[in-house]
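Colleague:
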Amino acid sequence: MFDKLLEVLHGRKVSAQPVPAPLRWIVLDTETSGLSLWKDHLISIAAVAVVSEPGFRRARIVLADRFEVILHQARPTRRKDNILIHHIGVDAQRTGQDPVESLGRFAVWMGDAPVFAFHAPFDRAMIARAFKSQDLPAMRNTWVDVAAMASWIRRDTVSVSLDDRLREFGLECFERHQASADMFATAELLLRMLPDVRKQTASFNEMVRFCADNARPVL
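Structural data, given as structure tokens:
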């Protein structure tokens, strides 16, 4: 610091400090044929980028940086209860995009960005199964469970739905249970919680560890 002061006093230009690049995160949601990790399969993915300055400051959703796909289903789910929830009918499943090509593009789009999701272990497992079924390389991204983050922030241990958490943080989502709507709702919830996260830590790795400590097992 004294050297820099001397530079200023002698009229020399002070070398600028490098500005840290914004952090790019991915927030996503999936639609599946059901809730079984062993019997059901991935139908669609909706994901959007969130960028944040170091220390979780000035985080924002980047609408221009998003990825959405409905995957082609050789055997579309015909369960009416499932279709009524995610609104992806038999025709949409049949005319979905090629899984190998689509998941490959998704992997490239994600890069090595950390991935956030509400009940992330389920989404992670379903996407991992889809990658494996298409002989694609396994994902190496860091995953963060937004549900666990909310439990950590609220200091509770009960399982709370996304709807309840949204209400708790004063957020509304008028069209739930569709991947894109749930993805945006999760991203808004993440942004709403970051000031509380910042009170606890400014370290990304520490945040990941705190969330992992509050995560619930996937059945």
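So in full-length UniProt numbering, spot 10 of the sequence shown is number 10, and the numbers just go up one at a time. Beta carbons are placed, not taken as given, at the ideal position from N, Cα and C, and that holds for glycine.
1) Expressed to the nearest angstrom, what Euclidean distance is found between the alpha-carbon atoms of Phe-183 and Phe-118?
2) Please name the residue, chosen from Ser-151, Asn-214, Ala-148, Ile-127, that lies closest to Trp-140 on a Cα-to-Cα basis.
3) State the DSSP-derived secondary structure class of Gln-178, mapped to helix, strand or coil.
4) Measure the C-alpha to C-alpha separation of Arg-60 and Ala-185 and round it to an integer number of angstroms.
5) Could you name the residues that DSSP lists as bridge partners for Trp-143?
6) State whether the segment 25-32 contacts the segment 148-161, with contact taken as three or more CB pairs (one from each stretch) at a distance under 8 Å.
7) Using alpha carbons as the reference points, say which of Cys-173, Phe-131, Val-197, Ala-138 lies closest to Arg-154.
8) When DSSP builds the beta bridges, which residues end up paired with Gln-97?
9) Counting contacts by CB-CB distance shorter than 8 Å, is Glu-31 in contact with chain B?
10) Output yes or no for whether 8 Å exceeds the beta carbon distance between Trp-143 and Arg-165.
11) For His-72, tell me which candidate among Asp-91, Pro-195, Arg-57 has the shortest Cα-Cα distance.
12) Going by DSSP, which residues form a beta bridge with Val-108?
13) Just the C-alpha distance for Gln-134 and Lys-199, rounded to the nearest angstrom, thanks.
14) Are the CB atoms of Ser-102 and Val-69 within a distance shorter than 8 Å?
15) In this structure, how does DSSP classify Ala-202 when only helix, strand and coil are distinguished?
Modeller: Walking through what the data contain:
1) Working through the sequence shown from its first residue, we reach residue 183 at position 183. Working through the sequence shown from its first residue, we reach residue 118 at position 118. Before going on, a small fix: residue 183 reads as Met here, not Phe. Cα to Cα, Met-183 sits roughly 9 Å from Phe-118.
2) Here residue 140 refers to the residue found at position 140 of the sequence shown. Going by the sequence as given, residue 140 is Arg instead of Trp. Out of Ser-151, Asn-214, Ala-148, Ile-127, Ile-127 has the C-alpha closest to the C-alpha of Arg-140.
3) Here residue 178 refers to the residue found at position 178 of the sequence shown. The answer is coil: DSSP assigns Gln-178 none of H, G, I, E or B.
4) Here residue 60 refers to the residue found at position 60 when the sequence shown is read from its first residue. Here residue 185 refers to the residue found at position 185 when the sequence shown is read from its first residue. Spanning the two alpha carbons is a distance of roughly 13 Å.
5) Sequence index remark: in the sequence shown, residue 143 carries index 143 (1-based). Answer is Val-115, bridged to Trp-143.
6) no
7) The residue you call residue 154 lines up with position 154 of the sequence shown. Checked all of Cys-173, Phe-131, Val-197, Ala-138; the closest Cα to Arg-154 is Val-197.
8) The count along the sequence shown starts at 1 and reaches residue 97 at position 97. Looking at the DSSP assignment, Gln-97 forms a beta bridge with Leu-71.
9) The structure shown contains no chain B; it is built from a single protein chain.
10) Translated into positions along the sequence shown, residue 143 becomes position 143. Translated into positions along the sequence shown, residue 165 becomes position 165. Contact flag unset, no.
11) One-based indexing of the sequence shown puts residue 72 at position 72. The candidate whose alpha carbon is nearest that of His-72 is Asp-91.
12) For the purposes of this step, residue 108 is identified with residue 108 of the sequence shown, where counting begins at 1. DSSP output for Val-108 lists no bridge partner at all.
13) As a working mapping, residue 134 is identified with position 134 in the sequence shown. As a working mapping, residue 199 is identified with position 199 in the sequence shown. Their Cα atoms are separated by approximately 42 Å.
14) Sequence index remark: in the sequence shown, residue 69 carries index 69 (1-based). Sequence index remark: in the sequence shown, residue 102 carries index 102 (1-based). Cβ atoms of Val-69 and Ser-102: closer than 8 Å.
15) Along the sequence shown, one-based indexing puts residue 202 at 202. Coil.
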